[in-house]
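Enquirer: Residue numbers (the numbering used here): 204 to 609.
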């Protein structure tokens, strides 16, 4: 794993051939390719005074040989009391929405915020391989949001719910698309629901699994190279912070279409006072914004290896009260049964396509198109709506976090 630092002059060189970042974002245009996203992001960061960029180079079998993850730091102007981490692209195709939001943050939101005692760290596209190839997972088929576990024993764990329906989740024949395939899938789901509860299926599919390397939601057999490297970098950033930490992890997929869902990860075990301060800080940060009740709502699922939970665990273990917050931009109404089944089908189909190919080129094209749409809808109203919500509320989250009582 290599790490390199980029000077402001080098950043300017990187974006010299790019379309001007301000003009790209003025029309609320989403970046739609990895290299475009990176140029716009670095360009937006270069316009902010005092910024520094370090880049992790992740090894890959692609012709590029390594893939970049940029960490853009906007340092506090006086004292580093607070640290706000904003991350994108943990799941490959989510990168385009997340990167767009990060660039908008740098251009439109950050200038309105107090930087006196707060350092901002933007982690850009954590899964560059997935963003380049269109896959949700890494090159090793690992779901990174199940791969940030601290305890090695997690990678030896079993998910009995998953094993019971593995054949349904991971068919071993070429993928098909079209009406009849959809109808067949719905029938299989109905039969499963007669044998298993909806909760069983949610636990099977979403909590993660560590037994089936070619299966969906595979958490890996050990930390991925990016997991190890990024954990080290973020630990170093946290150790330089004296007060509190806010993690905003940007995702797309879950929830009501066009709505920005705010979901806190359950707080890790820590000193009672740190836990209590973190709970109060979460409440202060969110204000009146609706918060998903991930701890008590049966529709949510316990999972291991979450990125934001790991970062929060590192911070709280050093005595820093912390808020782990996922902002999830809904695309398929997956809070409904129909939407959740449709989303699951697309994830299964994409994984099946990757391992077993498709019956025809037309089937392949349809599966890839539907999978991309699951994370980045083409609907311009959706795009304008999620940008507006992000702009409207994010500054308020951060201001209230900064003002929260110790």
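A virtual CB, placed ideally from N, CA and C, is assigned to each residue, including glycine. Values in this document were obtained by computation on a predicted structure and should not be read as measured data.
Between the segment 328-341 and the segment 356-366, are three or more C-beta pairs nearer than 8 Å?
Expert: No contact exists between the segment 328-341 and the segment 356-366.
Enquirer: Would you report the Cα separation of residue 459 and residue 536, rounded to the nearest angstrom?
Expert: Residue 459 and residue 536: Cα-Cα distance of roughly 4 Å.
Enquirer: Helix, strand or coil, according to DSSP, for residue 269 in the structure here?
Expert: It is a strand residue.
Enquirer: For residue 608, does the count of other Cβ atoms within 10 angstroms reach 16, so buried, or fall short, so exposed?
Expert: The residue is exposed, with fewer than 16 neighbouring Cβ atoms inside 10 Å.
Enquirer: Answer with buried or exposed for residue 554, where buried requires no fewer than 16 other C-beta atoms within 10 angstroms of its C-beta.
Expert: Buried.
Enquirer: Tell me, which residues are paired with residue 467 by DSSP?
Expert: Paired residues: 528.
Enquirer: Distance, Cα to Cα, residue 457 vs residue 370?
Expert: Each residue's alpha carbon lies about 24 Å from the other.
Enquirer: Who are the Cβ neighbours of residue 512 in its own chain at under 8 Å, not counting the five residues just before and after it?
Expert: The residues are 351, 468, 469, 471 and 527.
Enquirer: Please work out which residues of its chain come closer than 7 Å, Cβ to Cβ, to residue 556, disregarding the five sequence neighbours upstream and downstream, and give them in chain order.
Expert: So the qualifying residues of the chain are 378, 567 and 570.
Enquirer: Check whether the segment 378-393 touches the segment 314-324, counting contact only when three or more Cβ pairs, one atom from each stretch, lie closer than 8 Å.
Expert: No, the segment 378-393 is not in contact with the segment 314-324.
Enquirer: Whole angstroms are fine: how far does the CA of residue 401 sit from the CA of residue 289?
Expert: Approximately 33 Å, taken between the alpha carbons.
Enquirer: For residue 593 and residue 261, what's the separation of their Cα atoms in angstroms?
Expert: Approximately 30 Å, taken between the alpha carbons.
Enquirer: Using DSSP's beta-bridge definition, name the partner residues of residue 561.
Expert: Residue 561 pairs with 378.
Enquirer: What does a CB cutoff of less than 6 Å around residue 449 pick up in its chain, not counting 5 residues either side in sequence?
Expert: 287, 526 and 604, listed in sequence order.
Enquirer: For residue 262, write down the residues that DSSP places opposite it in a beta bridge.
Expert: 269, per the DSSP bridge assignment.
Enquirer: In angstroms with no decimal places, state the Cα-to-Cα distance between residue 544 and residue 510.
Expert: If you take the alpha carbons of residue 544 and residue 510, they lie about 25 Å apart.
Enquirer: Rounded to whole angstroms, what is the Cα-Cα separation between residue 294 and residue 559?
Expert: Approximately 21 Å between the Cα atoms of the pair.
Enquirer: Pull the bridge partners of residue 322 from the DSSP assignment, please.
Expert: According to DSSP, residue 322 bridges with 286.
Enquirer: Using a Cβ-Cβ cutoff of less than 7 Å, which residues in the same chain neighbour residue 301 once the five nearest sequence positions on both sides are dropped?
Expert: Answer for residue 301: 291, 292 and 453, listed in chain order.
Enquirer: In chain order, which continuous runs of the alpha helix (DSSP H) of length 4 or greater are located wholly inside the segment 548-605?
Expert: Within the segment 548-605, the complete alpha helix (DSSP H) runs of at least 4 residues are 564-578.
Enquirer: Can you tell me the Cα-Cα spacing of residue 271 and residue 396, whole angstroms?
Expert: If you take the alpha carbons of residue 271 and residue 396, they lie about 43 Å apart.
Enquirer: DSSP on residue 148, reduced to helix/strand/coil?
Expert: There is simply no residue 148 to check, as the chain begins at 204 and stops at 609 in what is shown.
Enquirer: Helix, strand or coil for residue 385 per DSSP?
Expert: Helix, per DSSP.
Enquirer: In whole angstroms, give me the CA-to-CA distance for residue 376 and residue 332.
Expert: Computed Cα separation, rounded: 25 Å.
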